[in-house]
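Here the structure comes first, spelled out in structure tokens, and everything after it is commentary.
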Amino acid sequence: MILIGTANTAPGIVDGMAALRRGGSAMDAVEITLRAVESDPLEDSVGYGGLPNLLGEVELDASIMDGSSLRAGAVAALKGYLHPISVARKVMEMLPHVLLVGSGAARFAAEIGAEAGDLLTDSAAAKYRERLSAASLTESLAGDDGSVSLSDALWRVLGYRSHGTSNAIAIDREGHICCGVTTSGWAFKYPGRVGDSPIIGAGGYADDRYGACACTGLGEASMRLCTAYSVVAGLAGGRQLDDCVESAMRELARLSSPVPIGMNILALDRLGQHTYWSTHTADRHYLYMRPDDSEPQRGLAKGLADDAGH
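For the sequence shown, the working numbering begins at 1085 and goes up steadily by one.
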């Protein structure tokens, strides 16, 4: 058994491992871990406290995948509900669909009795106002030089640390693997923007036969390459874990993009070997726990030789 997660899973990874020790499923462990992150008001890239879109609205994305059946559930642009990871799991368990978006996702969340709440904290609202002010915009998105379209406003607010996400991957005592991803997405994004987190194969993928992978960073890049799936497909081809992730990072580095491509890839194989790669190795780590660990262990990010330390 093992549970790994991005650094921001610290609020929930201990409880997630406790669930595994009790005989809980990998999916239980992933959901428990990520729900704690979604509840953390200090984490401004996920759930409650996440940074809003250009209109000041918090829109949440999440996905979860069962490696034993290859079934998955996801939600995107979900407003007004605190735990998109749990709604995503219910999509998988209750519907013949994989992904629900916007008002449809919110309607389903209401039907299942998901916990509703105001997602915008005072801190996130203050950061939103500060960013608009720095770009000479007001909350009505009227700039100093007159009316500004949302698309123009988007380019003016670029430059803020724009994306972050939380990933968790678990293997339970039965050897089943689950991967989960949850995020509030690109800070101050165009309303309705959806990144890689709820896109199966881009933001996350799990297959009991081989392993699992999840991404954080510029989702527009991993969506173009199906990055999470590509890593697991590499494992299926008999390649070593780090070799698979390094290849994915090199493919990402080849992409052209109007904004810098920052990417972090968390992955493990079916035997529980794990790794984490980042375009920003100098300040990146991840967490992992095995049943005998009393507290989370830290692993350092790896990177391409020409990216190290950037």
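We treat Cβ as the ideally placed atom computed from N, Cα and C, and that holds for glycine.
Residue i - partner residues in DSSP beta bridges
i: K1386; result: W1361
i: Y1289; result: C1297
i: I1255; result: I1086, I1261
i: D1150; result: R1155, C1262
i: H1369; result: L1384
i: Y1165; result: A1200
i: S1250; result: T1266
i: D1145; result: T1267
Residue from the options whose Cα sits closest to the Cα of residue i
i: A1102; options: L1384, A1385, D1376; result: D1376
i: D1128; options: S1224, T1093, I1253, L1104; result: T1093
i: T1363; options: N1348, R1374, F1272, M1373; result: N1348
i: L1118; options: Q1357, A1252, D1291; result: A1252
i: Y1289; options: R1308, L1302, G1264, G1276; result: G1264
i: T1090; options: L1352, R1334, V1316, S1170; result: L1352
i: Q1324; options: H1358, A1271, R1155; result: H1358
i: Y1313; options: V1329, G1301, L1302; result: V1329
i: L1336; options: D1367, G1295, C1299; result: C1299
i: A1120; options: P1095, G1140, R1106, R1105; result: P1095
i: R1277; options: R1155, L1225, L1144; result: L1144
i: V1130; options: G1248, A1110, L1225, L1388; result: G1248
i: L1242; options: W1270, V1232, S1250; result: W1270
i: S1187; options: T1222, P1180, M1307, Y1165; result: Y1165
i: M1178; options: Y1372, F1272, R1155; result: R1155
i: D1280; options: R1213, G1201, T1365, G1303; result: G1303
i: C1310; options: A1320, G1321, C1297; result: C1297
i: G1322; options: M1333, I1345, V1343, G1295; result: G1295
i: G1346; options: L1225, A1320, G1301, P1168; result: G1301
i: A1194; options: R1240, H1167, G1108, M1149; result: H1167
i: I1169; options: K1386, G1107, E1199; result: E1199
i: R1334; options: D1367, G1356, Q1381, A1389; result: A1389
i: G1287; options: P1180, V1232, A1320, M1149; result: M1149
i: L1371; options: G1107, A1254, A1218; result: A1254
Inter-residue CB distance, residue i and residue j (contact presumed, cutoff 8 Å)
i: F1192; j: L1183; result: F1192 to L1183, Cβ: 11 Å. No contact.
i: A1340; j: A1305; result: Strictly speaking, residue 1340 in this sequence is Ser, with Ala absent from that position. That pair is no contact at about 10 Å.
i: H1369; j: L1350; result: At roughly 11 Å, the Cβ-Cβ gap does not stay under 8 Å, so H1369 and L1350 are not in contact.
i: E1122; j: T1266; result: 6 Å
i: A1110; j: D1326; result: Going by Cβ atoms, the distance from A1110 to D1326 rounds to 22 Å, so no, they are not a contact pair.
i: V1315; j: A1332; result: 5 Å
Local conformation of residue i per DSSP, three classes
i: G1157; result: strand
i: A1392; result: Its pLDDT being 45, under 50, A1392 is placed unreliably in this model, and the value from its coordinates should be taken loosely. In this structure, A1392 counts as coil in the three-state DSSP scheme.
i: V1185; result: strand
i: L1350; result: strand
i: T1242; result: Note that residue 1242 corresponds to Leu in the displayed sequence, not to Thr. Correct three-state label for L1242: strand.
i: D1280; result: coil
i: R1213; result: helix
i: F1192; result: helix
i: I1116; result: helix
i: S1306; result: helix
i: A1219; result: coil
i: D1124; result: coil
i: K1174; result: helix
i: Y1313; result: helix
i: A1094; result: coil
i: G1318; result: helix
i: L1325; result: helix
i: D1377; result: coil
i: L1336; result: helix
i: R1106; result: coil
Contact set for residue i: own chain, Cβ-Cβ below 8 Å, skip 5 residues either direction
i: V1142; result: G1134, L1135, P1136, K1163, L1203, L1204, A1208, S1268
i: Y1274; result: N1137, L1138, L1234, S1235, L1238
i: P1125; result: Y1132, G1133, T1205, S1207
i: D1292; result: G1151, S1152, G1259, H1260, I1261, R1354
i: T1222; result: L1216
i: R1338; result: none
Same chain only: Cβ atoms within 7 Å of residue i, ignoring 5 sequence neighbours per side
i: A1158; result: A1146, S1147, A1172, V1175, V1182, L1183, P1282, I1284
i: A1392; result: Residue confidence for A1392 is low, a pLDDT of 45 falling below 50, so the modelled location carries little weight; the figure read from the coordinates is stated next. If we look at A1392 and ignore the five residues flanking it on each side, its Cβ neighbours are T1365.
i: S1224; result: none
6 Å Cβ shell around residue i - same chain, five flanking residues per side excluded
i: A1189; result: V1159, L1162
i: G1100; result: L1087, A1113, I1116, T1117
i: S1374; result: Note that residue 1374 is Arg in the sequence shown, not Ser. Here the set comprises I1086.
i: H1394; result: Any reading at H1394 needs caution, since the residue's pLDDT is 41, under 50, leaving its predicted position unreliable; the model's value is listed next. Excluding sequence neighbours, H1394 sits near nothing in its chain.
i: K1386; result: W1361
i: G1140; result: Y1212
Neighbour flag for residue i against chain B, beta carbons, 8 Å
i: D1145; result: In the displayed structure, chain B is absent; only one protein chain is listed.
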